[in-house]
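Note sheet for the following structure.
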Amino acid sequence: MDILYQIRARQDSFSAGEGRIARLMLDDVGFAASASLEALSQRAEVSTATLSRFARSVGCRDLRDLRLQLAQASGVGSRFLDPAGLPEQSAFHRQILGDIEATLRQHLSGFNQTSFVDAVSLLGKARMIHAFGMGGPSSLCSDELQVRLVRLGYPIAACHDPVMMRITAATLGPEHALIVCSLTGLTPELLDVVELARNYDARVVSITLAGSPLARLANVVLPLQPAETSFIYKPTAARYGMLLAIDLLATELALALPDANQERLRRIKLALDDYRGGPDSLPLGD
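Here you go:
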């Protein structure tokens with residue numbers, strides 16, 4: 004049960020006393036979960052009997068069940084219960100930029116050159132590369148990997164559908180490679196398909212949170228760092244760390260065969276200029 008939703012959804016139907024209980028619990032979930040019944044009654048200015056009626060009205064068996072639900076609610080996602088104050092627009096613009104700059108520096112210092120060398124070696128031997136990712140940034144970044152690597156002549160396909168990922172993993176072998184993107188390294192579907200692919204000796208590069216279950220399954224890890232703040236309204240800055248890892252990996256792959264890749268990029272530029280025209284400085288299909 005999402006007890007906080009149940010309380011909010013019923014606010015218009017509460018009596019005056021129950022309304023005071025609801026406001027107290029929504030304003031300070033931690034206090035409501037830990038305080039004694041006497042303290043709750045005094046703070047809300049109601050009787051214990053009113054507290055019991057309130058518990059039943061929000062779907063709980065009794066007061067004990069209500070307090071258990073509140074304790075669970077206060078222990079999960081606490082930064083979403085009491086988020087940081089809303090800054091002025093210019094202030095949060097600067098904060099977002101600052102978080103991006105900070106996470107890029109943090110990730111760059113956390114990357115190990117040896118890991119990129121190992122990833123280049125692993126991917127260079129692969130007959131086919133598959134990029135897996137689920138969720139917002141991870142899905143986008145698996146597509147980004149396809150865009151980066153296909154122009155360097157690597158056979159690569161991106162996939163986000165869990166059933167298709169499972170089917171693909173079941174067809175792999177030692178000559179195949181997976182690049183798996185996950186900001187958390189916890190997504191069950193990704194863990195399942197990586198274990199399946201490893202069962203058939205496919206090689207795995209993971210771009211994921213350092214020390215996560217997904218990181219432990221990979222042959223090579225390009226480690227991400229936590230980048231969350233108390234300002235819950237903005238997208239996570241950690242996705243910039245993932246993009247940085249992809250840019251570094253793609254550049255390492257390009258420089259592994261500079262002459263061949265220069266020719267590939269020249270041919271792409273020629274094909275795009277013939278298609279769209281424009282100045283010489285335009286990006287290659289980005």
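Counting the sequence shown from 1 gives a position; the working numbering is that position plus 3. C-beta: ideal position from N, C-alpha, C; glycine also.
(request) Give the C-beta separation of Q171 and H110 to the nearest angstrom, bearing in mind that I take them to be a contact with Cβ-Cβ under 8 angstroms. (result) Correcting the residue type first, residue 171 is Thr in the shown sequence and not Gln. No, T171 and H110 are not in contact; Cβ-Cβ is about 28 angstroms, not under 8 angstroms.
(request) Taking the CB atoms as reference points, tell me whether A74 and D5 lie closer together than 9 angstroms. (result) no
(request) Report the three-state DSSP secondary structure of P226 (helix, strand or coil). (result) strand
(request) Could you say if the region 112-119 and the region 142-157 meet the contact criterion of at least three C-beta pairs nearer than 8 angstroms? (result) no
(request) Mind checking which residues open and close the alpha helix (DSSP H) that includes A129? (result) Premise fails: A129 is in no alpha helix (DSSP H) and is neither H nor E.
(message) If I follow the unbroken alpha helix (DSSP H) through S185, where does it start and stop?
(response) Per DSSP, S185 belongs to no alpha helix (DSSP H); it is in the beta strand (DSSP E), 179-185.
(message) Within 8 angstroms, do at least three Cβ pairs link the region 279-287 to the region 165-183?
(response) no
(request) State buried or exposed for H179, treating a residue as buried only when at least 16 other CB atoms are found within 10 Å of its CB. (result) buried
(message) For I210, which residues in the same chain have their Cβ closer than 6 angstroms to its Cβ, ignoring the five residues on either side in sequence?
(response) In chain order, C184, L225, M245, A248 place their CB closer than 6 angstroms to the CB of I210, counting only its own chain and leaving out the 5 sequence neighbours on each side.
(request) May I ask you to list the residues that DSSP assigns as paired with T211? (result) S185, P226
(request) Pick out whichever of S55, A35, T106 has its Cα sitting closest to the Cα of T239. (result) Among S55, A35, T106, the Cα nearest to that of T239 belongs to T106.
(message) Assuming C144 is part of the alpha helix (DSSP H), what are its boundary residues?
(response) 139-153 is the span of the alpha helix (DSSP H), which, as asked, contains C144.
(message) Please report the distance separating the alpha-carbon of P261 from that of R151.
(response) 15 angstroms
(request) Express the C-alpha separation of I99 and D30 in angstroms, rounding to a whole number. (result) Their Cα atoms are separated by approximately 28 angstroms.
(message) The beta strand (DSSP E) that contains I159, what's its start and end?
(response) Looking at the DSSP string, the run of the beta strand (DSSP E) that includes I159 is 159-162.
(message) Going by DSSP, what residue range makes up the alpha helix (DSSP H) through M167?
(response) Segment 165-173, the alpha helix (DSSP H) holding M167.
(request) Could you spell out where the alpha helix (DSSP H) holding D204 opens and where it closes? (result) Where D204 is concerned, there is no enclosing alpha helix (DSSP H), given that its DSSP letter is neither H nor E.
(request) Sort L287, T254, Y278 by Cα distance to R269 and report the nearest one. (result) L287
(message) If I measure Cβ to Cβ from V153 and keep anything under 7 angstroms in the same chain, skipping five residues before and after, which residues do I get?
(response) I159
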